Every structure is written in structure tokens, then in C-alpha cells.
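Q: Questions regarding the structure given below will be posed in turn.
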Amino acid sequence: MFLLASRYCGTWNRDTYIDLEFSMIQLEFLSEDEMVEIVPNMTMDPLNLISGDFGPFRPQIATQVPLWLAMALKKRGKCTIRPPEWLSVEKLTQVLEAERDSERFFQPLPFHYVEISRLLFDHARDDIPDVYMVRSLIEDIKDVRFHKIGTGLEIISERTHALKLKNLSAMEVNIVRPFVVRALQTFYDLDSPEMLQESDRRANRRPQAADHGPKRQLRPGR
Amino acid sequence: MDSGSAEGSGFSAMEDYESLIATTDAELLKRSWRNEKAAPEILQFETSLVQRSREQIQLMEETLEEFTRSGIDPLIVSLYQMDVDRTLFLLRSYLRTRLQKIEKHMFHVQKTTELWNRLSRQEQKFAKRSVEDIEQHFEQSVLSKLPDRYKSHLKQSIISEEDDMVPEPPLDTFVICRSKSFLGSFQLDDSGEEKPVDLEADDLYALRYMSIKPLVQSGQIDLV
């Protein structure tokens, strides 16, 4: 789709590209540190963990813990999880409408909204009121945003030296990263002064040297 | 661990723990891991952070042994175990990512003092051994059989001016990052050709790594 013009042979910088991506599991791992509110149904002393101090746990008294801890307790039937404020039919409907209304801007959502909602759907479905509605709203929001990302990326051109990705979530960033990096890189390479000098030199020598092959248009309309 | 930044919309309060003044070791380890994973070159080894994390993990593991011996509720034991496992994962992944980078660019790391100094002592030992092994391997399997002018593993031939057989990390690759505070009129490159941009706090940007390298090192900008 786009030219992958590598520089002069002999330097292979571009080829030693390290895979800089996070896997989905690693994103989920990161999201599990997000705090969430639980209501225990048992008594337990405070936990002094490396990640922090949590508790004490008393029946019916809400407390904040990281998501991984909440899910471990929930799995063993020791608590219920209070869905975060943004994970409600009312709030998400607002977000969806706002997403649809704005062609270019993204609504602020928790950075890990995809991972958090997925984990809660899988493990705490009964704690979410109208869970099917909520789930379908999240799916719709994801779709609208993805679409917007696609159209938003079309603005990348030879004049793009930096890109602002305001309000994108972790998963969206991760998916878009390889394309954005390659695209910006390619435009940057093709735009570099050395490239322009090369093509200028070739243009000047053309009358004398007949064996340079067909002229290659590096930039349309110039 | 309440991530409570009261400013901004209700959504941003959820995950803005970076704004806390006192960050725990767990947070620091996570941040170092993220930066290391996303950066094209190897970053400064966090000696004291790794040391402290190791000690904490060890302490926790001893505590766990105590717990199982004294018959504490297995639920509590398993929760402590999960916490230890999570921290161990971060630490291991951090170290592994660094080793990966060293392996990929071992010759370059060895000859660049700035990079060499970012390695821990054990990593330096590892790098040295790897270089020796690879050199020997190249020598025996290929280089000794090539004509005299092409025997170096660092240069294509003896007339090369630089070590052009040594791969280097692509420092001008683009990365996605976030600044902790507002950076006005940030200059994107040295030539002054590009207009300076404003970097808002907590917004995500895709920029060239070269432009933000010193800010990542100082902790002002995080890679995502």
C-alpha cells in the first residue's frame, strides 16, 4: 500500500525493528491494577501486599481493591463487585451518542475500558444491572471509535511529523500502533532532505545518463 | 492506592495514579517495565528499584511459608501468592525485555559507552559472553573461509570506514507517549524545520523517539 523505501544498502537500521507491542494478555494484566469497589460478605484482616495495603474486610462494608483482587474474591464467592460509575446504561448511552455526534473527537473513557468491561462481564455478570444492554452499548462504542480511528488516520501525510491521539484507550492504541509507526516512519523517510537531494541530482543528470530507468515520482503533483 | 485526581472528568480520576507524589515501588516497576517494552533502545537499569523489588518478593515468599506452616486460611495465602506472582512477572518481563534488546544489538551495545553504562553488572557479563560466543561462531562457520579482506565481523570489508555490519537500534522510530505535565512549544527536531508543538498533559502523542529521549530518561514523559 505504501512504499517501503529503505535507504542506501549497507545500513540496515530499519530491519532491526524490535516488536514493541503489548499482547492482549499483558494489557489485561495492566488493567487488573485498576481500583474497583467491592462489598465483602465475610470478615478478613487487612492484606499487606507488595502492591499495597487493602482492607480490612467487613461484611456489607464497601472497600476499594485492585481488580485482580476483586475477581479472586468474587470467584470464591466472598464478595460482590460494584460496577464502576461509567459502566451503566445511562452513562454509556450518553457516551455513545456523543461519539456518534462528533466526527473527529473521542469521548473520554477510562484508559482500560475495554479490558475492565470484558473482565467484569466474564466474572461478575450478576453484579451489573442490565448487563446485556451494557454489553451491547460497549460493543457499539467500540465500533464507532474504531471507525473514527480509521478515518482519523487518513490525515497522515508527508507533512505529519507528530500525531495527537487524544482520549484513545489502551487497546485501541495497541492495535493502531504498528500502522501509525510504520506510516509516520515511511513518510518521514520519504520526506528526508537526503531523499530530496537524491532525486534532485538524478533530475539534473538525466539528460546525460540514459540508463537511470524511468523517473520515479516521489511526491505527486510536485 | 486510591487514584484520586479530583480535577478533570470523572473518568480520568480512575487511572491517574501517576499524579501521586509518592509512588510505590510496584508503580515504579510497572512504569519501568512499560517504558522498557516500548523504547527502541535499552534504557538505564533501575538498580535500586530491582534490588528493592527482589527483597520485597523474598520477604513475601518467606511470609508465605510461615503462613502455610501456621495453617492460615488458604484464601489469604492464595491472595498473597497472587500478588507475589504478579510482581515476579513484572520483574522477569522487565529483565527479559532488556536481555532481548542486548541480544539484538550486542555489538553495538558493547562499543557504545553510553549504552554499556546502562547495563547492570550481570547484563554486562551476559553481553560479553554473547559477543564472544557469536564472534567465535561467525569465525568458525563463515569468516575464516572468506577471502582475507572480508574477515571482520564488524565491517563488510577492510575498506569500510565504519563498522557497517553492526545493527543499531532505530532511534528515530515513532513511539506513542504521554507527558506528565504541559510542555509548551516543544521542538520536534534539531534542524528547526518543523514548527514546535504543544504537548498537553496526559494526552497521547505519536512522536519520534529521538525528540523525547531525554524527557523519557528524566521521567517527564512515559511511553505507552
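So the protein sequences, as listed, match chains Z and R.
Following full-length UniProt numbering, the numbering of the first sequence begins with 1 at its first residue and continues without gaps.
Following full-length UniProt numbering, the numbering of the second sequence begins with 1 at its first residue and continues without gaps.
Quick reminder that beta carbons are idealized off the backbone N, C-alpha and C, glycines included.
On a predicted model such as this, the values are computed, not experimentally measured, just so you know.
For the ligand MN, I want to know if K128 (chain R) counts as a neighbour, meaning its beta carbon is within less than 8 Å of at least one of the ligand's heavy atoms.
A: As far as ligands go, the structure on display features none, and thus does not contain the ligand MN.
Q: Pairs of beta-carbons, one from the segment 22 to 37 of chain Z and one from the segment 96 to 116 of chain Z, closer than 8 Å: are there three or more?
A: Yes: at least three Cβ pairs fall under 8 Å.
Q: Please list, in chain order, the chain Z residues whose beta carbon lies closer than 9 Å to that of I76 (chain R).
A: Here the neighbours are M44, D45 and L47.
Q: Suppose you measure from the CA of S78 (chain R) to the CA of H105 (chain R); what does that come to, to the nearest Å?
A: Distance between the alpha carbons of S78 (chain R) and H105 (chain R): 40 Å.
Q: Between R:I176, R:I158 and R:H153, which has its C-alpha nearest V166 (chain R)'s C-alpha?
A: Ranking R:I176, R:I158 and R:H153 by Cα distance to V166 (chain R) puts R:H153 first.
Q: Would you mind listing the alpha helix (DSSP H) stretches within the segment 23 to 78 of chain R that are 4+ residues and don't spill past its ends, in chain order?
A: List check, alpha helix (DSSP H) in window: 25 to 38 and 47 to 69.
Q: Would you kindly work out how many angstroms separate the C-alpha atoms of R69 (chain R) and E62 (chain R), rounded to a whole number?
A: So the alpha carbons of these two residues sit roughly 11 Å apart.
Q: Which residues in chain R sit within 8 Å of S51 (chain Z), going by Cβ to Cβ distance?
A: Those are M1, T24, A26, D83, R86 and T87, listed as they occur along chain R.
Q: With respect to the beta strand (DSSP E) encompassing S120 (chain R), which residues constitute its N-terminal and C-terminal limits?
A: Element bounds for S120 (chain R): n/a, residue is neither H nor E.
Q: What does DSSP give as the partner residues of R178 (chain R) in its beta bridges?
A: Its beta-bridge partners are R:L204 and R:D222.
Q: Any idea what DSSP makes of L165 (chain R), helix, strand or coil?
A: It should be pointed out that residue 165 (chain R) corresponds to Met in this sequence rather than to Leu. In the structure shown, M165 (chain R) sits in coil (DSSP, three-state: anything other than H, G, I, E or B).
Q: If I follow the unbroken alpha helix (DSSP H) through G77 (chain Z), where does it start and stop?
A: Note, G77 (chain Z): premise wrong, no alpha helix (DSSP H); not H, not E.
Q: In angstroms, rounded to a whole number, what distance separates the CA positions of A26 (chain R) and L47 (chain Z)?
A: Answer to the nearest angstrom: the Cα atoms are 15 Å apart.
Q: Roughly how many whole angstroms lie between the Cα atoms of P108 (chain Z) and T173 (chain R)?
A: Spanning the two alpha carbons is a distance of roughly 28 Å.
Q: 9 Å is my cut-off, CB to CB: does I21 (chain R) come that close to chain Z?
A: Residue placement at I21 (chain R) cannot be trusted, given a pLDDT of 49 that sits under 50; the coordinates are not used to answer.
Q: By Cβ distance, which residues of its chain are closer than 6 Å to Q187 (chain R), with the 5 residues on each side in sequence left out?
A: Closer than 6 Å at the Cβ level, and outside the excluded window around Q187 (chain R), lie P196.
Q: Just to confirm my understanding: we take E32 (chain Z), look at its own chain, exclude 5 residues before and 5 after, and list those with CB closer than 6 Å. What are they?
A: L67 and W68.
Q: Quick one: what's got a C-beta closer than 6 Å to G219 (chain R)'s C-beta in the same chain, skipping five residues either side?
A: Here the set comprises nothing.
Q: Should F22 (chain Z) be labelled buried (16 or more other beta-carbon atoms within 10 Å of its own) or exposed?
A: The residue is buried, with at least 16 neighbouring Cβ atoms inside 10 Å.
Q: Alpha carbons only, please: which of Z:P59, Z:P129, Z:I38 and Z:T151 is nearest the one belonging to L92 (chain Z)?
A: Answer by Cα proximity: Z:P129.
Q: Reducing DSSP to helix, strand and coil, say where V197 (chain R) ends up.
A: Strand.
Q: Could you check how far apart the C-beta atoms of residue 253 (chain R) and E36 (chain R) are, in whole angstroms? I think they sit under 8 Å.
A: Nothing can be reported for residue 253 (chain R): it is not among the residues displayed for chain R, which extend from 1 to 224.
Q: Would a check of beta-carbon distances place L207 (chain R) closer than 9 Å to chain Z?
A: Answer yes: the Cβ-Cβ gap between L207 (chain R) and chain Z drops below 9 Å somewhere.
Q: Under 9 Å between the Cβ atoms of residue 234 (chain R) and A162 (chain Z)?
A: What is shown of chain R runs 1 to 224, which leaves residue 234 (chain R) out entirely.
Q: Where do the N-terminal and C-terminal ends of the beta strand (DSSP E) with I38 (chain Z) fall, by residue?
A: Where I38 (chain Z) is concerned, the enclosing beta strand (DSSP E) stretches over M35 to P40.
Q: Who are the near neighbours of E99 (chain Z) in its chain, counting only those whose CB is closer than 8 Å to its CB and skipping five residues on each side?
A: Taken in chain order, the residues that qualify are F106, Q107, I141, V144, R145 and K148.
Q: Is there a Cβ of chain R sitting closer than 9 Å to that of L69 (chain Z), yes or no?
A: Closer than 9 Å: yes.
Q: In angstroms with no decimal places, state the Cα-to-Cα distance between T113 (chain R) and V224 (chain R).
A: Approximately 27 Å between the Cα atoms of the pair.
Q: What's the C-alpha gap between I50 (chain Z) and G71 (chain R)?
A: Rounded to whole angstroms, I50 (chain Z) to G71 (chain R) spans 21 Å at the Cα level.
Q: Figure out for me which residue from Z:R82, Z:E90 and Z:M44 has the closest Cα to the Cα of D53 (chain Z).
A: The option with the nearest alpha carbon to D53 (chain Z) is Z:M44.
Q: Counting C-beta neighbours from all protein chains within 10 Å, is the total for E41 (chain R) 16 or more, i.e. buried, or is it exposed?
A: Looking at its Cβ environment, which holds 16 or more other Cβ atoms inside 10 Å, E41 (chain R) is buried.
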